[in-house]
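Numbering (the numbering used here), first residue to last: 1413 to 1826.
From the three backbone atoms N, C-alpha and C, an ideal C-beta is built for every residue, glycine too.
Some notes on the structure that comes next.
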Amino acid sequence: MIEEKKVAIKKIQATGQMKKIMSDYFYELDAASKAGSPKIAWCTSVGPAELLSSLGFLVYYPENHGAMLGSTRAANNYIPVSNSVGYSPDICSYLTSDVGAFIKKETPLSRAYKGIERVPKPDVLVYNTNQCRDVQDWLTWYSRELKVPALGISTYRNIGKITDYHLESIVRQIKDLIPPLEEVSGNKFDIDKFRSTLSLSKDCTLLWKKVLETNTAAPAPMSFFDATIQMGPAVVLRGSEAAVRYYEVLLRELEERISNREGAVEEEKFRLYWEGMPIWGKLRDLAELFISLKTSVIASTYCNSWIFDSFDPKDPFMSMARAYTEIFIVRDENFKQRYIEELVGKYKINGILFHDAKTCPNNSNNRYGMPERLEKKLNIPSLTINGDLNDLRCYSEEQAKTNIEAFVEQLGAK
Ligand code: SF4
1413 MIEEKKVAIK KIQATGQMKK IMSDYFYELD AASKAGSPKI AWCTSVGPAE
1463 LLSSLGFLVY YPENHGAMLG STRAANNYIP VSNSVGYSPD ICSYLTSDVG
1513 AFIKKETPLS RAYKGIERVP KPDVLVYNTN QCRDVQDWLT WYSRELKVPA
1563 LGISTYRNIG KITDYHLESI VRQIKDLIPP LEEVSGNKFD IDKFRSTLSL
1613 SKDCTLLWKK VLETNTAAPA PMSFFDATIQ MGPAVVLRGS EAAVRYYEVL
1663 LRELEERISN REGAVEEEKF RLYWEGMPIW GKLRDLAELF ISLKTSVIAS
1713 TYCNSWIFDS FDPKDPFMSM ARAYTEIFIV RDENFKQRYI EELVGKYKIN
1763 GILFHDAKTC PNNSNNRYGM PERLEKKLNI PSLTINGDLN DLRCYSEEQA
1813 KTNIEAFVEQ LGAK
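Structure follows, in structure tokens:
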């Protein structure tokens, strides 16, 4: 049995600045919701956010709210409420916790931000099914409930090679969104604004990529658990100056840690890859457990999902279609396997943790033989942890802890 010591998670100093820009973001949405202007669009996490911002919408992300419900461990108060109106406990627990909270007229935003009583009221709901069907079902629930239009892009899934016919269809769908969005926003589409928003989004994405890549250093300056918090601006503020400025500051701090050989985990012995969704309600416990085991979880598919390399302001529609199609979750098993193989090499990974999230098959990549294929090809071990992003009834802390400790012992023996 590995001895477990009391440990402290190292604070990232820039986080104070992140909290400020996130707070400004939510207060701006709240003010717009109360005043009825500017208009508010709800958008799925990898939906066409830059188009919405360029049309003057403030953009709100229900998945971010879902993650807040998970990280505050409130989700299990609300999932049964959604179940009672017919939404299965087996479908996305972001959806069921968010809808349940809405029905109960509660939100963690009220506790975090004084004066905010509810989530901002949408004027339009926009989804992209590139990640899953649940996002469409989620936003159409709100559409029926609030009598607000739901528009979307229905796209391809499980793609190997991305071809022109994939992208041309998506470009047409993005362009088809413009007339109804102009009508709701009251603003005319302006290609220059679209280009400049995309350009800011690209700057944000490239900085976020550099932030994540600081973890190629040994010891790694930031853990996966830190990164799930630090990715907030890349998710909800991409396309804004504030996000770009923030990641410049964060990057400087992490580079300084590298120069000082200061790791997120003292005396880092092993480096792991996290494949799948975070277990939002257990981030702190898991971070502490890995610190006590002198093991860094340093790379993940999840945090990389907000890298959109292909954005090109010179070719905004096509490059947006490409960027939102080439992400990991949209791709087939062969692509996913190559992707993980590449990151395992780049980050000098000793083992892979697969999180099998009960309510998100889309982000559970252990189900079609991936762990076995990777173990064989890379000659490194993997461990599957059963759990969920938000529904903690699916997660056994004791069992996960025992398995993780045994896994790290196995790494030591290897
Ligand atoms: S990808 Fe998974 S977690 Fe995200 S919305 Fe879809 S089902 Fe939910």
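- Counting along the chain, the unbroken alpha helix (DSSP H) around Val1493 starts and ends at Ala1487 to Ser1496.
- Burial check for Tyr1714: the Cβ neighbour count within 10 Å reaches 16 or more, so the residue is buried.
- Here Leu1801 carries a coil assignment [DSSP, helix/strand/coil].
- Selection Arg1607, Arg1545 and Glu1809 evaluated against Asp1727 yields Arg1607 as nearest (Cα-Cα).
- Of all alpha-carbon atoms in Gly1598, Phe1723 and His1767, the one lying nearest the alpha-carbon of Ser1613 is that of Phe1723.
- Of the other Cβ atoms in all chains shown, fewer than 16 fall within 10 Å of the Cβ of Lys1516; this residue is therefore exposed.
- Residue ranges of uninterrupted beta strand (DSSP E) with 3 or more members, entirely inside the region 1760 to 1821 and ordered along the chain, are 1763 to 1769 and 1794 to 1799.
- Taking the C-beta atoms as reference points, Tyr1685 is found nearer than 7 Å to Ile1761.
- Taking non-hydrogen atoms of the ligand SF4 into account, the C-beta of Tyr1506 is found less than 6 Å away from one of them.
- Not one heavy atom of the ligand SF4 lies closer than 6 Å to the C-beta of Asp1803.
- Just so you know, the alpha carbons of Leu1579 and Ala1444 end up roughly 34 Å apart.
- Residue environment: Ser1671 is assigned as exposed (fewer than 16 neighbouring CB atoms within 10 Å of its CB, all protein chains considered).
- For Ser1613, no beta strand (DSSP E) run applies; the uninterrupted alpha helix (DSSP H) run containing it begins and ends at Ile1603 to Glu1625, by DSSP.
- Contiguous beta strand (DSSP E) elements confined to the region 1543 to 1606 occur at 1562 to 1565, taking only those with 3 or more residues.
- Proximity to Gln1749 across Lys1770, Lys1788 and Tyr1736 peaks at Lys1788, based on C-alpha coordinates.
- For Asn1746, the enclosing alpha helix (DSSP H) starts and ends at Glu1745 to Lys1758.
- Looking at the DSSP output, Asn1540 bridges to Ile1565.
- DSSP places Val1647 in the helix class (H, G or I) of the three-state scheme.
- Non-local beta-carbon contacts of Asn1495 in its own chain, meaning distances under 7 Å to residues more than five positions away in sequence, involve Pro1501 and Thr1508 in chain order.
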